[in-house]
């Protein structure tokens, strides 16, 4: 992480009203992204990863409430921004690429026009200038023959090309941060590799920062500098990608890695699934979020107190009572 | 040994109209795949390679343009043949949200295949429902629930239980773990290997995820544009792929266990057409 991160998400909580008090879908989560860096947020359904992304764009749906110390973007606190200020940031400085490009694009409008509209919403330029910009960004994302094919409707394009258009749309106003929420999830592996290659070149060649959200830990080393593992609304482990993958230190991260088949796995070495399922948010209470499925619970600690961050070395941190007490030997 | 289920020289063409012109699309071109008893055969390939169409032909949801489906070595021709085949071969769909009736309680949904095939009386059916639920690791009270009250993993287990109700010898599983979280996927894969071992089931397992295929299958068939490009035991195909397409597919897989080697698509040559300023 660079000394002066472009984005700091500090102790942010996102709560929705529930029958018995607020349900915290994101619970006191912090992270930072340096400029030109990529943070990979890994988590399964209900981990709060998508909600955290939505907070970065100020689009958490009502009645969700975002609170905390702040979401600092280039020195400004976005949490204190007015709706008007948000309009200037969203799309122009911070842009989002959604999971499903078929749903993110307007089906009734040629793709080129959608980019032109975004450019003209943020910049006072003529239609012809906006069209030149559309062609430029379509070129950047490797969209073939943009002058001609920008007149195509989304339905006339393949899934991979649609995702390229969605990324071009995000690039249109020259953002400094792109938030990609499961942006490669439904794509075939070869297309997925192309899209990740594209995002990586945006980072390396244009210096754009990226928050890349995925449920697939295998993607982290492909694009990420740092990784944040989330479980049931909590951040449980964070650090440089290779550190976390080589020395996973939270029982959930370890469980996730043992659950995922790799190219070397076979039935001779069975997967070790994490038993049980993700608890309902109102069942977590004051203790460690993973305790109901954890093989190494510290009795008397895990059910009563949230674990603090413990340093594992090399900028790698884990929030686990067992690790704090017994070190890496205790969690493995 | 005679295969339990075989699709031999299957061809499927669809006709589409575009601008008044008829176009023939060859979705499956001369594909032969067979499953022996207790064998797990993986069908892998990208969107549009014909793997789903081929598997639907095996159970008669789709009719082949030419070619034969063989059941215990005998060609399936008459309506009665197809009925006998469906008594032996069951299909599990990708999306348990759409394959389970939303207004039918799980117990009824599970008993339905028995009614269709005229198996057992009311109390026997209830017993079989309980058995099937416990086989897939679900508790008995699930029978009174509606699909909307279950999690994605539970629903996929119910779909499996439903396919197992009539005690088939072959299961065709079409992308049944692709929509699941990694930890739930591991639970379902573990369940499949246990069922295969305890019931001697054969599986035709369709997936685009080579990591899952590598883990689960004995043999793998790689398809591209409606044709088989390579097939063989998983160790051989993954260890020493013969076709360029398989090699490309393997190189494109994100894998946290692999170190230092870039994926194919991440090399400049594979990164088609991106031009950055």
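Chains as they are written, first to last, in the UniProt record's numbering: chain C, 1 to 332; chain L, 1 to 277.
Note that beta-carbon positions come from the ideal geometry of N, C-alpha and C, so glycine has one too.
Inter-residue distance for residue 194 (chain L) and residue 7 (chain C) is about 47 angstroms (C-alpha atoms, whole angstroms). Residue burial is scored here from C-beta neighbours: residue 148 (chain L) has fewer than 16 other C-beta atoms within 10 angstroms and is therefore classed as exposed.
Interface with chain C (7 angstroms Cβ-Cβ cutoff): residue 254 (chain L) is included. The stretch 45 to 60 of chain C makes contact with the stretch 211 to 227 of chain C; the number of CB pairs closer than 8 angstroms reaches 3 or more.
The residues 184, in chain order, have a CB closer than 7 angstroms to that of residue 192 (chain C) in the same chain once the five nearest residues on each side in sequence are set aside. Its chain contains 239, 240 as the residues whose beta carbon lies nearer than 6 angstroms to that of residue 315 (chain C), once the 5 sequence neighbours on both sides are disregarded; these appear in chain order. Listed along the chain, the chain L residues whose CB falls inside 7 angstroms of the CB of residue 215 (chain C) are 181, 182. Counting along the chain, residue 2 (chain L) sits inside no beta strand (DSSP E), nor does DSSP assign it H or E at all. Between residue 110 (chain C) and residue 153 (chain C), the beta carbon gap of about 6 angstroms places them in contact (Cβ cut-off 8 angstroms). Burial state of residue 237 (chain C) is buried, judged by a 10 Å Cβ sphere holding 16 or more other Cβ atoms.
Neighbours of residue 282 (chain C) in chain L, taken as residues at a C-beta separation under 7 angstroms, are lacking, since the least C-beta distance is about 16 angstroms.
Boundaries of the beta strand (DSSP E) harbouring residue 212 (chain C): 209 to 214, taken from the DSSP string.
Here the alpha carbon of residue 203 (chain L) sits roughly 8 angstroms from the alpha carbon of residue 42 (chain L).
Under the 8 angstroms Cβ criterion, the stretch 158 to 173 of chain L does not count as touching the stretch 241 to 255 of chain C, having fewer than three qualifying pairs. For residue 273 (chain C), the secondary structure class from DSSP, reduced to helix, strand or coil, is coil. For residue 219 (chain L), the uninterrupted beta strand (DSSP E) segment begins and ends at 219 to 224. Counting other Cβ atoms within 10 Å of its Cβ, residue 274 (chain C) reaches 16 or more and is therefore classed as buried. Listed in chain order, the non-local C-beta contacts of residue 255 (chain L) below 8 angstroms within the same chain comprise 211, local neighbours out to five positions each way being set aside. The residue among L:16, L:206, L:3, L:64 with its C-alpha nearest the C-alpha of residue 28 (chain L) is L:64. Contact between residue 247 (chain L) and residue 232 (chain L) is ruled out by a C-beta separation of about 14 angstroms, above the 8 angstroms threshold.
In this structure, the CA atom of residue 205 (chain C) is about 17 angstroms from the CA atom of residue 164 (chain C).
Across the set C:106, C:203, C:59, C:320, the C-alpha of C:320 shows the shortest separation from the C-alpha of residue 296 (chain C).
In this structure, DSSP gives residue 97 (chain L) a helical state, which the three-state scheme calls helix. Residue ranges of uninterrupted alpha helix (DSSP H) with 4 or more members, entirely inside the stretch 133 to 161 of chain C and ordered along the chain, are 146 to 149.
Put simply, the CB of residue 226 (chain C) is far from chain L, with every gap to its CB atoms at 7 angstroms or more. For residue 263 (chain C), the neighbours in chain L by C-beta distance under 8 angstroms run, in chain order, 210, 211, 214, 238, 250, 253, 255, 257, 258. Taking 7 angstroms as the CB threshold, residue 273 (chain C) lines the interface with chain L.
Chain order gives no chain C residues near residue 50 (chain L), where near means a beta carbon separation below 9 angstroms; the closest approach is about 14 angstroms.
Between residue 14 (chain C) and residue 64 (chain C) a beta carbon distance of about 6 angstroms is seen, short of the 8 angstroms cut, so the two are scored as contacting. In this structure residue 119 (chain L) touches residue 166 (chain L) by the C-beta definition: roughly 7 angstroms separates them, less than 8 angstroms.
Interface flag for residue 187 (chain L) against chain C is set, since a Cβ pair is found closer than 7 angstroms. The Cβ atoms of residue 122 (chain C) and residue 83 (chain C) do not sit closer than 7 angstroms to each other. Under the 7 angstroms criterion on CB atoms, residue 193 (chain L) is classed as interfacial with respect to chain C. If you check the CB distance, residue 97 (chain C) and residue 180 (chain C) come in under 7 angstroms.
Residue 321 (chain C): member of the alpha helix (DSSP H) spanning 321 to 326, first to last residue.
The beta-carbon of residue 193 (chain C) is placed less than 7 angstroms from the nearest beta-carbon of chain L.
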